[in-house]
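S.K.: Please see the structure below; I have some questions.
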Amino acid sequence: DTAVSQTPKYLVTQMGNDKSIKCEQNLGHDTMYWYKQDSKKFLKIMFSYNNKELIINETVPNRFSPKSPDKAHLNLHINSLELGDSAVYFCASSQDDRDRSSYEQYFGPGTRLTVT
Amino acid sequence: TQLLEQSPQFLSIQEGENLTVYCNSSSVFSSLQWYRQEPGEGPVLLVTVVTGGEVKKLKRLTFQFGDARKDSSLHITAAQPGDTGLYLCAGDNAGNMLTFGGGTRLMVKP
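If you read the sequences in order, they're chains A and B.
Residue 285 is where the first sequence starts when you use our numbering, and the numbers rise one by one after that.
Residue 6 is where the second sequence starts when you use our numbering, and the numbers rise one by one after that.
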């Protein structure tokens with residue numbers, strides 16, 4: 285069974301369009317995330333969403349908006365797509381393990397977004 | 006901003022060789038995680054180290070957390086082609102946002 289799944293796997297679209305990427309986790313985790321991985325493979329956190337609390341990375345443009353219909357889903361909506369948005373977007377989830385002060389994360393397979 | 010620097014960025018070795026990847030920061034982390042990512046897939050967690058000076062072994066992989074919890078290393082003994090991939094370290098500052106290093110791309114040639 286897939287723990288963290290994302291759709292679509294590939295997304296090719298034109299500048300100015302609005303698109304969404306869906307993410308679902310069946311691990312029962314409390315926290316979900318969106319990451320962006322650029323062409324140099326640098327992985328950067330975009331959002332963290334836990335129990336309806338959204339933590340936003342301040343460097344993320346407000347064209348990006350996460351939406352969580354329930355604890356198992358965190359979708360990413362992107363408005364007015366730009367060329368620089370081309371990257372691989374990863375969804376992840378974690379279960380807060382306060383005893384070990386660790387947030388081990390489980391990643392989805394990624395969505396490769398290409399903006400032309 | 007907490008930064009994690011990984012070195013080397015690229016490493017190409019022959020099967021059977023040993024290697025070490027370093028992850029360094031000027032910040033203290035509550036824990037540090039190592040992930041491995043293969044092309045077209047998401048990162049997969051290898052190990053979490055929590056205590057300063059902690060050493061964990063995973064078959065031929067040995068992970069160490071620095072005494073001051075600012076740095077970590079990954080040592081691979083007798084590397085195999087199956088070890089090829091992108092190795093990422095990630096620091097947790099007791100929040101719920103990980104800071105990732107830039108990654109080390111390892112290629113092990115048969």
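We put the beta carbon where it would ideally sit given N, CA and C, even for glycine.
Note that the coordinates shown come from a computational prediction; the quantities given were computed from them, not determined experimentally.
When DSSP labels each residue in this structure, what does residue 96 (chain B) get in the three-state scheme?
M.R.: DSSP, reduced to helix, strand and coil, places residue 96 (chain B) within a strand of the structure shown.
S.K.: Do you know offhand how far residue 354 (chain A)'s Cα is from residue 312 (chain A)'s?
M.R.: 11 Å
S.K.: First and last residue of the beta strand (DSSP E) that includes residue 350 (chain A)?
M.R.: 348 to 354
S.K.: Taking the beta strand (DSSP E) that residue 76 (chain B) belongs to, which residues open and close that run?
M.R.: 76 to 81
S.K.: Any contact of the segment 364 to 380 of chain A with the segment 306 to 322 of chain A, i.e. 3+ C-beta pairs under 8 Å?
M.R.: yes
S.K.: Leaving out the 5 sequence neighbours to the left and right, which residues in its chain are closer than 6 Å to residue 389 (chain A) when beta-carbon positions are compared?
M.R.: 376 and 378
S.K.: Give the residues from the segment 91 to 105 of chain B that approach chain A closer than 7 Å (Cβ to any Cβ), ordered along the chain.
M.R.: 91, 93, 97, 99, 101, 102, 103 and 105
S.K.: Roughly how many angstroms separate the alpha carbons of residue 58 (chain B) and residue 298 (chain A), rounded to a whole number?
M.R.: 50 Å
S.K.: Do we get a CB-CB distance below 9 Å when we pair residue 69 (chain B) with the residues of chain A?
M.R.: It does not; no Cβ of chain A falls within 9 Å.
S.K.: Applying the 10 Å Cβ sphere with the 16-neighbour rule, what's the burial state of residue 26 (chain B)?
M.R.: So residue 26 (chain B) ends up on the buried side.
S.K.: Thinking residue 300 (chain A) and residue 365 (chain A) are a contact (beta carbons under 8 Å), I'd like their distance in whole angstroms, please.
M.R.: Between residue 365 (chain A) and residue 300 (chain A) the Cβ distance is about 7 Å, and since that is below 8 Å, they are a contact.
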